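Contents: one structure, followed by commentary.
Residue numbers (the working numbering): 35 to 131.
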């Protein structure tokens with residue numbers, strides 16, 4: 035089974051995506067995808083809208099690529115541009131599993 039699906043959480047939650055695909059809900063919140071802006075959990079906290087605060091494509095890419103709104107689905111454990119990781123997710127949704 036794949037890792038839990040990423041979900042956008044309220045602003046200010048470290049390690050959580052802020053924005054997502056609003057037409058697809060995971061656990062009642064917009065689905066997080068590659069490119070979604072996050073709140074960084076690594077100190078020092080830096081400005082939210084920096085390009086480094088976005089979820090980046092997994093390397094190597096997942097065996098089963100799942101698209102949400104035309105973008106690769108984000109999963110708990112995926113990296114951001116600043117080398118932090120997505121630390122939240124919906125345990126009831128498995129991506130690519």
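Here a beta-carbon is modelled for each residue, glycine too, at the ideal position from N, C-alpha and C. Keep in mind it's a predicted model, so treat the numbers as computed, not measured.
Residues bridged to residue i (per DSSP)
i           : result
residue 136 : Only positions 35 to 131 of the chain appear in the structure, and residue 136 is not among them; the question remains open.
Rounded straight-line distance, which links the Cα of residue j to that of residue i
i          : j           : result
residue 44 : residue 73  : Residue placement at residue 44 cannot be trusted, given a pLDDT of 43 that sits under 50; what the coordinates show is reported in the next sentence. Rounded to whole angstroms, residue 44 to residue 73 spans 10 Å at the Cα level.
residue 62 : residue 56  : 10 Å
residue 93 : residue 106 : 13 Å
residue 88 : residue 65  : 14 Å
Candidates the options: closest to residue i by CA position
i           : options              : result
residue 104 : 59, 113, 110 and 68  : 68
residue 54  : 95, 121, 102 and 112 : 102
residue 86  : 126, 122 and 114     : 114
Helix, strand or coil at residue i [DSSP, three-state]
i           : result
residue 63  : strand
residue 101 : strand
residue 114 : strand
residue 53  : coil
residue 42  : Here the model assigns residue 42 a pLDDT of 47, short of 50, so the residue's position is not dependable, and the following value carries that caveat. Three-state DSSP puts residue 42 in coil, outside helix and strand.
Beta carbon of residue i nearer than 8 Å to that of residue j
i           : j           : result
residue 120 : residue 108 : yes
residue 98  : residue 130 : yes
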